[in-house]
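In the UniProt record's numbering, the protein residues as written are 1 to 155.
Idealized CB from N, CA, C, for every residue including glycine.
Here's what the structure looks like:
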């Protein structure tokens, strides 16, 4: 948006092409809102919001995991500040709750997978077998050979 044309946006499909202008100003009965009103609204009524607070879990992680590797001149940055005891407790509780939720979801997924296997078994009338990787079996002679080689090394 250009300050000379408030409320008008130029849309381009590619950087080299000419853009198509779209007027985003509100229309009431086919009458556009005047440029003066748009600029007054943008200056008087639009508030700049403060940045959101840092997540307690992220603040704890930044302090414990990242701050030791930050150069000394930047370690005083509020981003790497030590979290308060309350933030630390909140971070630990959040992490434990997330881990418990993940474990519960994994258990539910495993149960669902087992039930699917049972339903397929009953549906087909035959047992569904899982494929296993075939491991080559060692013959008795190779086992004896390795055992005798190990015994020779000990002597």
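Residue 44: member of the alpha helix (DSSP H) spanning 35–44, first to last residue.
Taking all protein chains in view, the Cβ of residue 60 is crowded by 16 or more other Cβ atoms within 10 Å, so the residue is classified as buried. When only Cα atoms are considered, residue 7 and residue 42 end up about 10 Å apart. Closest option to residue 87, judged by alpha-carbon separation, among 46, 37, 15 and 62: 62.
Contact between residue 27 and residue 9 is ruled out by a C-beta separation of about 15 Å, above the 8 Å threshold.
Under DSSP, residue 20 forms a beta bridge with 11. Rounded to the nearest whole angstrom, the CA to CA distance from residue 33 to residue 58 is 44 Å. Taking C-alpha positions only, residue 85 is separated from residue 12 by approximately 51 Å. Between the stretch 97–105 and the stretch 63–75 there are fewer than three inter-stretch CB-CB distances shorter than 8 Å, so the stretches are not counted as touching. Taking the C-beta atoms as reference points, residue 91 is found nearer than 8 Å to residue 56.
Excluding the 5 residues flanking it on each side, residue 73 has no same chain C-beta neighbour closer than 8 Å.
At least 8 Å separates the beta-carbon of residue 46 from that of residue 25.
Straight-line spacing of the CA atoms in residue 117 and residue 111 works out to 10 Å.
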